[in-house]
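Per this note's numbering, the sequence shown starts with residue 1, numbered consecutively. Ideal placement from N, C-alpha and C gives every residue a C-beta, glycine not left out. Nothing here was measured: the structure is a model prediction, and the numbers come from that model. A short worksheet on the structure shown next.
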Amino acid sequence: MIKRYLAKILAKDRQGLQVISACCAGAKAKITDIKYLSRNKIFLLSLERLTKESNDDSLKINSICKFEFVDSVRSKNIDQNDLNLMLELFTIEVLKNKENFEINLIFSDNAYITLSTEIVEVTLEDQTKDL
């Protein structure tokens, strides 16, 4: 019997975020699975991604990407009223803007979400695997 492990990756800098971005490239997200909890300063992105950490890169896995200490969120080219909208994540980039960071989630069709935060603290945690 093969043991299956669920990954948890914590990023606190640009290099760590690049690892999470690589793991999430090509992941799919439904618009209804994207949440910003402004009181808690947490942005949640639920993804269905192909696992890139193992030898079997055809294995689909549900993961939560949690961004903490988020002060504001902006989106462009995303119809938030289309509850069936499925976005494909291309990459995650981080830029330093004065004292703050801007984390850009770049999706297909020139859609993106920009998170403004004082520090980079992002967790990618696997939830379930299709066995």
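Separation of residue j from residue i, as counted between CA atoms
| i | j | result |
| --- | --- | --- |
| Cys23 | Asn81 | 28 Å |
| Asn100 | Asn77 | 24 Å |
| Gly26 | Leu59 | 13 Å |
| Thr51 | Ile61 | 6 Å |
| Arg14 | Leu95 | 9 Å |
| Arg49 | Lys28 | 6 Å |
| Met1 | Ser108 | Confidence at Met1 is low in this model, with a pLDDT of 41, below 50, so its placement is unreliable and no value can be given for it. |
| Lys30 | Leu105 | 14 Å |
| Leu85 | Lys8 | 27 Å |
| Asn97 | Thr114 | 12 Å |
| Val120 | Ile42 | 12 Å |
| Glu88 | Tyr36 | 18 Å |
| Phe67 | Asn110 | 21 Å |
| Tyr112 | Thr91 | 10 Å |
Per DSSP, the bridge partner or partners of residue i
| i | result |
| --- | --- |
| Ile31 | None; Ile31 has no bridge partner. |
| Asp126 | Ser63 |
| Ser116 | Ser72, Glu102 |
| Phe8 | For clarity, residue 8 is Lys in the given sequence; the question names Phe instead. Glu125. |
CB contact below 8 Å: residue i versus chain D
| i | result |
| --- | --- |
| Glu102 | Considering every chain present, this structure includes no chain D. It has just one protein chain. |
Presumed contact (8 Å Cβ cut-off) between residue i and residue j, rounded CB distance
| i | j | result |
| --- | --- | --- |
| Ile20 | Ser46 | Not quite, the Cβ-Cβ distance comes to about 14 Å (not below 8 Å), so this is no contact. |
(request) Pick out the complete beta strand (DSSP E) segments inside the region 38–107, 3 residues or longer, and give them in chain order. (result) With a minimum length of 3 residues, the unbroken runs of beta strand (DSSP E) contained wholly in the region 38–107 fall at 42–50, 60–68, 70–76, 86–97, 100–107.
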